[in-house]
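Asks:
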Amino acid sequence: MIRTLALALLLACSAHAADWRMDPAASTLGFIGMTQGERFEGRFGEFQAAIRFDPDDLDHARFDVTIALASADTANAERDEALLGSDFFHVRRHPQAHYRAERFRALGDGRYAADGELSLRGITRPVTLEFRWTAGEPAILEGEATLRRLDFDIGGGDWADLDMIANEVQVRTRLALHRAE
Numbered sequence: 003m004i005r006t007l008a009l010a011l012l013l014a015c016s017a018h019a020a021d022w023r024m025d026p027a028a029s030t031l032g033f034i035g036m037t038q039g040e041r042f043e044g045r046f047g048e049f050q051a052a053i054r055f056d057p058d059d060l061d062h063a064r065f066d067v068t069i070a071l072a073s074a075d076t077a078n079a080e081r082d083e084a085l086l087g088s089d090f091f092h093v094r095r096h097p098q099a100h101y102r103a104e105r106f107r108a109l110g111d112g113r114y115a116a117d118g119e120l121s122l123r124g125i126t127r128p129v130t131l132e133f134r135w136t137a138g139e140p141a142i143l144e145g146e147a148t149l150r151r152l153d154f155d156i157g158g159g160d161w162a163d164l165d166m167i168a169n170e171v172q173v174r175t176r177l178a179l180h181r182a183e
């Protein structure tokens, strides 16, 4: 009986220790694309991330990220306005993107892969986020993923010309995480 109780307490403590709260002021979610051969960078000013991660317990890890697409900022007013419109994010119809990962792999040297799904413009596709986990207070999660915009019908029609806008978009994130209480 005492062993069972001790095991139950140990499991409860380890599950709690794996939950993290994002510090929005110290966290970033950005993207890099190419238009007419020139690189541009942008970021999302509003996003939420619910993170459950323990390098020693990948079976119970979870990422759940919600992104307010209207918060996209590339420091170019014309491009930002176009991103919000129906040819790109179509924020009136699809105000949020959502990434959820429940399968994780260790890649070695403090690096991991989160095999998840991104829902964007009503289309859901698999996306793998490769990231580095640095334990501490705060813990730091730095990751990168590449997605193809046309897989999500972003910039279709006249904008589908890959000489005009590259298909691949790199997504980068840096999350500062504090243990949840």
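All residue numbers for the sequence shown refer to our numbering, where the first residue is 3 and numbers rise by one.
Glycine is no exception: its CB is placed at the ideal position from the N, C-alpha and C atoms.
1. Could you pull out every unbroken beta strand (DSSP E) segment of at least 3 residues lying fully inside the region 84-111, listed in chain order?
2. Mapping the DSSP letters down to three states, classify Ser73 as helix, strand or coil.
3. What separation, rounded to the nearest whole angstrom, lies between the Cα atoms of Pro57 and Ile142?
4. From the DSSP output, which residues share a beta bridge with Leu179?
5. Residue range of the beta strand (DSSP E) that Ile156 falls in?
6. At the level of alpha carbons, what is the spacing between Ile53 and Asp66?
7. Any contact of the region 111-118 with the region 73-85, i.e. 3+ C-beta pairs under 8 Å?
8. Would you check if the distance between the CB atom of Ser73 and the CB atom of Leu177 is smaller than 8 Å?
9. Check whether the Cβ atoms of Ala20 and Glu48 lie closer than 8 Å to each other.
10. Below 6 Å CB to CB, which residues in the same chain sit around Leu31 once its five sequence neighbours on both sides are set aside?
11. Leaving aside the five residues before and after Val93 along the sequence, list all residues of the same chain whose C-beta is less than 6 Å from its C-beta, in chain order.
12. Enumerate, from N- to C-terminal direction, the unbroken beta strand (DSSP E) stretches of 3 or more residues contained entirely within the region 29-61.
Replies: Let me spell this out:
1. 98-110
2. helix
3. 13 Å
4. Met24 and Ala141
5. Unbroken run through Ile156: none, as it is neither H nor E.
6. 7 Å
7. no
8. no
9. no
10. Contacts found: Phe46, Phe49 and Thr175.
11. Leu71, Ala72 and Leu86
12. 30-37, 40-46 and 49-54
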